[in-house]
Amino acid sequence: MSGEDLDNITKELRFHGGKWATAHGSYFSDPAKAWPLVDSALRAASLARPDVIADIGGGTGFLLGELRARLDGATPRLVNVDVSPQQLAVCQRRGIDPLLCSLLDLRREAVAAEGQRLMLLSRSVMHYFGREGQDRFLAALRAVLREGELLVQQAACFATPGEARCMNLLYPMMGVDKFYMTPEELVAAHERNGLEVLSVRRAPPLDLRSSDLAERYALDEATVERLCQILLDHGMDRSGFAVGDRRFRGPFTYRIVTARAV
Ligand SMILES: C[S@@+](CC[C@H](N)C(=O)[O-])C[C@H]1O[C@@H](n2cnc3c(N)ncnc32)[C@H](O)[C@@H]1O
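The opening residue of the sequence shown carries number 60 in my numbering; numbering runs sequentially from there.
Here's what the structure looks like:
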């Protein structure tokens, strides 16, 4: 894992572990918010019948717990692959194997035995790989899959080039290199990394608030004021954001991509 990827994580370590469940309006521990992704994963699993499902950047194991409760028939082995020991420390759900490992170091043998079918799941991880790392993320996912196996991932995604450009300005101002694409760019990125996109659907947005970001990334007031100005300059107040002088709040949007390794 590169220094930049690690930096994106160390910046928010105070948010990992026990605190993660209540972060961002409890988005990451809310079954209703997770349902479209869980539904997509259940459909993919009923199609592909995997022996193992690995959740890449699975955090506290919440998603795999939701999936496990709803899987029909024989439960595949469920593996939570995450680079944060703090996140994995709270992943003590029965039937989920934690694996402390960066996706970039992950080898297929660590999650699937010879002859086993693998399926990958991921939510809100791709943007951690920054502007230069998007292809690296997708290529690393593709590298652990065999032809025909499925990936179901929920990636942050902004509907128009203008919105994506705005978010890509905002995050570096908070000291983190996170990167966001439009739906068209997201599909093209999968396809050029050997992942044929089978479907794209919307997921519920996260309620992004400046107060949460200020806590997560230790932002001072002047920085938040500058962020407000960037949002206004890009017309984000016409894309569902409420922007004041010193605070803002708006939808952080996602798409769920189901793709097949080709
Ligand atoms: C926004 S959180 C999402 C957690 C979980 N997927 C969920 O939806 O609740 C991103 C997670 O990705 C993990 N992560 C970031 N970079 C990673 C990498 N290179 N390899 C594995 N996990 C990574 C972080 O530690 C964090 O737990």
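Glycine included, C-beta positions come from ideal geometry on N, C-alpha and C.
Just so you know, these numbers come straight off a predicted model, no measurement behind them.
query                                                                                                                                                                : result
Does the structure place the segment 177 to 197 close enough to the segment 281 to 301 that three or more beta carbon pairs sit under 8 Å?                           : no
What residue ranges within the segment 135 to 163 form continuous alpha helix (DSSP H) runs of no fewer than 4 residues, ordered along the chain?                    : 144 to 148
Going by beta carbon distance, what residues of the same chain come within less than 6 Å of Leu-147, once the five residues before and after it are set aside?       : Asp-141, Pro-157 and Leu-159
If distances are taken between C-alpha atoms only, which option among Gln-175, Leu-162, Pro-231 and Arg-176 comes closest to Asp-194?                                : Leu-162
Check Arg-108 in the structure and name its three-state DSSP category.                                                                                               : coil
In chain order, what residues of the same chain have a beta carbon less than 8 Å from the beta carbon of Pro-242, not counting five sequence neighbours either side? : Cys-216, Ala-218, Val-259 and Arg-314
Let me know if Arg-285 comes out buried or exposed under the rule of 16 or more other beta-carbons within 10 Å of its beta-carbon.                                   : exposed
Identify the residues that DSSP records as bridge partners of Ile-315: which are they?                                                                               : Gln-213 and Arg-260
What is the DSSP secondary structure of Val-184, counted as helix, strand or coil?                                                                                   : coil
On a CA-only basis, which of Leu-265, Glu-255, Arg-251 and Val-283 is nearest Tyr-230? Give me that one, please.                                                     : Val-283
What's the gap between the Cα of Glu-280 and the Cα of Leu-200?                                                                                                      : 38 Å
In angstroms, rounded to a whole number, what distance separates the CA positions of Phe-87 and Leu-126?                                                             : 14 Å
According to DSSP, simplified to helix, strand and coil, what is Gly-294?                                                                                            : coil
Closest by CA to Ser-105, which one among Thr-134, His-83 and Leu-254?                                                                                               : Thr-134
Return yes when the C-beta of Arg-182 is under 8 Å from any heavy atom of ligand 1, and no when it is not.                                                           : yes
Candidates Leu-180, Arg-205, Ser-99 and Leu-210: which alpha carbon is nearest Leu-137's?                                                                            : Leu-180
If you drop the 5 nearest sequence neighbours on each side, which residues of the same chain put their C-beta closer than 8 Å to that of Ile-289?                    : Cys-225, Leu-228, Leu-229 and Met-232
Pull the bridge partners of Leu-328 from the DSSP assignment, please.                                                                                                : Only positions 60 to 321 of the chain appear in the structure, and residue 328 is not among them; the question remains open.
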